[in-house]
Structure formats: structure tokens, C-alpha cells
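Down below is the structure, laid out as C-alpha cells.
Residue numbers (the numbering used here): -1 to 294.
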């Protein structure tokens, strides 16, 4: 039996997760509760995993259920928007571009300004998901930070558009780094790398005397660091975007940088190619020579 999901499956899982109840979801979808329960059980058998823990108080999503509900909500939203997007494409060129949460303010601001004759459809997700969407053709391009650290699907083109060094943000009231081989001297140091170097940085920070803690997002990392008046290790482009009064940026005592890349099918969308130097300058605050490479 196939495990391919249908729109009906997605609607049911999304509604049950949102309501916390099979009965409420069935009412919204205009089906009988026993029928909704049977569909849900059949779906769990097809996927070979439990999606909801159900009892007399309601239905609570398991980790698998939460993940499926998250994707279901996005896919259903895309389906709802599709007719309008198809009609809009008749009159206005459209580019579907994705990026990660940490880069989204910089990237979409740059695209909005520099692609003024093109309608940009934004997408925010994790880097591997965005790579797959570009490969499948649901995205025209993605601006991500893991293209040099992972296998890029065959046929995709990678263009390094810039590199941002790691820096230490010292919020107002934070002590200067100590001298010598242990500059953090048993301080809590928050870090957010926005790429795949997190474990390595954790080890290196520990070796420098830090008590390292990963941040959930770059913005949260900086906010929590300000609250605790402790150092934060982040890419410079993020630190400058989210800068607050009193922040001090100092060089990182250990080397490191984040590489920002544009990934697309070949040929690269011409509108992006023409505007890439200006987009790069707005994202990174500097121009950078673009170097296209083919994925393997």
C-alpha cells in the first residue's frame, strides 16, 4: 500500500493538531467523527507511526504528528495561494526564493529593493529542505549557508555570494575578554552559527574556557546575551543587522566564517544574475565576486 499523502490526509492531520480533538476536526471538515478516526488510524498504519495520542480529553500530537502537521499547514497554504499566483504570473514575472530564518530579514529586504520589476514569493525553511525544493522545482533559488558543507543535488548551480566572519558581540555591561589562552574564563558564551559548524564551535569554545550554550535562533542568541550580559558568538552580518545600542563587536579569538551561497537550477534566473552584486552588497554590506559552481 502506498504511503503517499493526499490533500485529505493533510487537512485531517492539520485540523486535529490545531484543535487538539478528532471530533472538532471532523466537525470543521464536515465529516462524521467515526469516519475521521478511521481515516486517522489508516494513515498511521500507512506511515507505520503514531501521529496522535488520543484519550477522552482529546488528541495530542506526537513528535511525528507535529512535524507532519507543520508541513501540512504550509502545503495547504501553498495550495490555497496557488490560483492567485498562477493568475499573477500572467502579468508579473515571479521568482520563488527561499532562505533560512536567520537570513530572512536581510535577504528579502535586498530582493524587494533590487528586484523591483519581479514579484518575489518568499519561503523560509531549513537549508536541506530548501535545497530539495530547488531540486524539485518548487523554488527558483535559495540563499543558504550550508551549500559548501553538504551534498548539493545533481544539476544545481552553487554561487558563493559572500562570507561573513564570526565575531564576538559584547553587550553593554559585559566584561572584556581575558588575555591568554582562555579568554572566556569560565563565562557563559552563547553561540549561533546558522550553518553546520555548531558542534565544532562548541568544542573550540570549551577549549577557550567558555561555558558554551547554543541559541535557538541568532536573534534570540543576541537578546539572551544582552539579558545575561555575556558574550555571544555569531556571524558578523547577523550581529550588525540586529545590533542594539551599547553592543561591541570584537574579533573572535578563534577563526571561522559563514559562507552565504545562492543555489538554483541551471541556468540561473536572469533577474537574479543581473541583480546579484547589488543583492550581495545589501545582505553582507560589501560586494563579493560571484563564483558559480556545478553541484555533483
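Even for Gly, the Cβ is constructed at its ideal location relative to N, Cα and C.
When you compare each of the options to residue i by their alpha carbons, which one comes out closest?
i: residue 299; options: 41, 23, 29 and 22; result: Within the shown structure, residues of the chain are numbered from -1 to 294, placing residue 299 beyond reach of any answer.
i: residue 28; options: 276, 270 and 6; result: 6
i: residue 184; options: 147, 206, 144 and 48; result: 206
i: residue 98; options: 241, 220, 260 and 74; result: 260
i: residue 204; options: 231, 216, 158 and 153; result: 231
i: residue 213; options: 54, 100 and 4; result: 100
i: residue 191; options: 135, 67, 66 and 144; result: 144
i: residue 134; options: 80, 177 and 94; result: 94
i: residue 120; options: 92, 129, 265 and 146; result: 92
i: residue 269; options: 68, 147, 116 and 217; result: 116
i: residue 202; options: 178, 240, 252 and 39; result: 252
i: residue 118; options: 45, 106 and 65; result: 106
i: residue 157; options: 14, 257, 54 and 22; result: 257
i: residue 193; options: 31, 79, 146 and 151; result: 146
i: residue 240; options: 67, 104 and 130; result: 104
i: residue 66; options: 49, 76, 53 and 77; result: 49
Tell me the DSSP secondary structure of residue i in three-state form.
i: residue 134; result: helix
i: residue 217; result: helix
i: residue 281; result: helix
i: residue 195; result: coil
i: residue 18; result: coil
i: residue 269; result: helix
i: residue 4; result: coil
i: residue 142; result: strand
i: residue 104; result: helix
i: residue 118; result: strand
i: residue 99; result: helix
i: residue 150; result: coil
i: residue 185; result: coil
i: residue 178; result: coil
i: residue 204; result: helix
i: residue 129; result: helix
i: residue 113; result: coil
i: residue 275; result: helix
i: residue 254; result: coil
i: residue 72; result: helix
What does a CB cutoff of less than 6 Å around residue i pick up in its chain, not counting 5 residues either side in sequence?
i: residue 70; result: 8, 11 and 12
i: residue 209; result: 186
i: residue 163; result: 234 and 255
i: residue 271; result: none
i: residue 290; result: Bear in mind that a pLDDT of 42 at residue 290, under 50, signals an unreliable position, so the model cannot answer this.
i: residue 24; result: 31 and 34
Since residue i and residue j are thought to touch, with beta carbons under 8 Å apart, how far apart are those beta carbons, to the nearest angstrom?
i: residue 56; j: residue 19; result: 5 Å
i: residue 267; j: residue 138; result: 5 Å
i: residue 96; j: residue 128; result: 4 Å
Counting only the same chain and skipping the five closest in sequence on each side, list residues whose C-beta sits under 7 Å from that of residue i.
i: residue 238; result: 283
i: residue 286; result: With a pLDDT of 37 at residue 286, under the threshold of 50, the modelled position of this residue cannot be trusted; read the value that follows with caution. Closer than 7 Å at Cβ, skipping near neighbours: 159, 160 and 278.
i: residue 301; result: The question about residue 301 has no answer here: the residues shown for the chain are numbered -1 through 294.
i: residue 74; result: 8, 9 and 12
i: residue 21; result: 31
Leaving out five residues before and five after residue i in sequence, what residues of the same chain have Cβ atoms less than 8 Å from its Cβ?
i: residue 228; result: 169, 172, 185, 186, 187 and 188
i: residue 215; result: 99, 100 and 190
Sufficient close CB pairs (3 or more, under 8 Å) joining the region 162 to 171 to the region 233 to 248: As far as the Cβ criterion goes, the region 162 to 171 touches the region 233 to 248, which means the pair count is three or higher.
Taking 8 Å as the threshold, find out whether the region 208 to 224 comes into contact with the region 107 to 119 through three or more Cβ pairs. These segments do not touch.
Determine contact between the region 193 to 201 and the region 173 to 180, defined as no fewer than three beta-carbon pairs at a distance below 8 Å. No: fewer than three Cβ pairs fall under 8 Å.
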